[in-house]
Amino acid sequence: MSANHDRSNLLEVRGLTKIFGTLTACDHIDLNIAKGEIHALLGENGAGKSTLVKMLFGSLEPNSGEIFWDGKAVKITSPGVAKKLGIGMVFQHFSLFEALTAAENIALSLNDGSPISSIAAKARALSFSYGLPLDPDSLVGDLSVGERQRIEIIRCLLQTPQLIILDEPTSVLTPQEADKLFETLERLRSEGKSILYISHRLEEVKRI
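Numbering (our numbering), first residue to last: 8 to 215.
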């Protein structure tokens, strides 16, 4: 580990580049995220924000560049690798099965063999603890968009990540739901979690 890779930084990105044909979506991106920090990434739609976070989560492979996790060089080749490192992701577009309950959807991502009743109990307790009340037994198809996002957030938190990436999280929320989300993010930061917050709304970034 060189002196340039400070262990107070949870994540460091150096020169990360992604090219699709003739389009350069991300061009030599540098990024530092400290431990216990809310770090906002601001840019217009199409600026490459989602491409960057997909590389950090292992959904896309960069053409070049380096990623350091807690001071050590890493290759994030899949979402599974990202999760093992301690990176959690709440995507802008949800990946939920409407015919299943919230708990069943969470169980699919945890894949640890725990009974549904145990997962439901943990999800219910965690959701109320963070001010994001959720009924784990409810069918996803019966839930509002804001309630569905709560499932995604709780599913992410149950994986005990050190870094939580949120891609345009308020795009589907009412103002009241957005206020509650910001309270939750501040709570997570106070607990030492790092957060990468993606947005194209300047007024939101000023709040955090």
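Idealized CB from N, CA, C, for every residue including glycine.
Alpha helix (DSSP H) segment containing residue i, residue limits
i	result
R21	Here R21 belongs to no alpha helix (DSSP H); instead the beta strand (DSSP E) covers 16 to 27.
M136	According to the sequence provided, residue 136 is Ser. The question's Met does not apply to it. Residues 123 to 136.
S92	As written in the sequence, residue 92 is Leu, which differs from the Ser given in the question. Unbroken alpha helix (DSSP H) run through L92: 86 to 92.
N112	109 to 117
E210	209 to 214
Contacting residues, own chain, Cβ-Cβ under 7 Å from residue i (five flanking each side not counted)
i	result
A10	The pLDDT assigned to A10 is 43, lower than 50, so where the model puts this residue is not dependable; a value taken from the coordinates is nonetheless given after this. So no residue of the chain qualifies.
I123	A110, E111, A114
R214	F189
M8	Caution is warranted here: a pLDDT of 39 is assigned to M8, below 50, making its placement in the model unreliable, and the coordinate value is therefore given only provisionally. Cβ within range, chain order: G78, K79.
L30	none
P168	G93, I94, G95
D34	T24
I160	V97, L139
A47	Y204, S206, V212, I215
Supposed close pair residue i, residue j - CB separation, criterion 8 Å
i	j	result
L23	L59	7 Å
E175	S206	6 Å
K129	L165	6 Å
D142	A109	7 Å
S201	L170	5 Å
A127	D144	6 Å
T191	Y137	5 Å
G199	G43	5 Å
Beta-bridge pairing of residue i - partner residues as DSSP gives them
i	result
A80	F75
H46	L203
G120	The partner list for G120 (beta bridge, DSSP) is empty, contrary to what the question assumes.
G53	Paired residue(s): none; G53 is not in a bridge.
G95	I171
Same chain, Cβ closer than 6 Å to residue i, five either side skipped, listed in chain order
i	result
A89	F64, G65, I83
S116	R162
V81	I74
L180	G153
R85	Here residue 85 turns out to be Ser, not Arg, going by the sequence shown. Cβ neighbours of S85 beyond the five flanking positions: G65.
F101	R155, E159
Same chain only: Cβ atoms within 8 Å of residue i, ignoring 5 sequence neighbours per side
i	result
N112	L103, F104, V147, I158, R162
I26	A32, N70
A41	S15, N16, L17, S201
K61	L67
E51	H207
Residue i, enclosing beta strand (DSSP E) - first and last residue
i	result
L1	Absent from the structure is residue 1, since the part of the chain shown begins at 8 and ends at 215.
**OP:** May I have a chain-ordered list of the beta strand (DSSP E) segments no shorter than 3 residues that lie completely inside the stretch 134 to 191?
**Re:** As for any beta strand (DSSP E) of minimum length 3 sitting wholly inside the stretch 134 to 191, the runs are 170 to 174, ordered along the chain.
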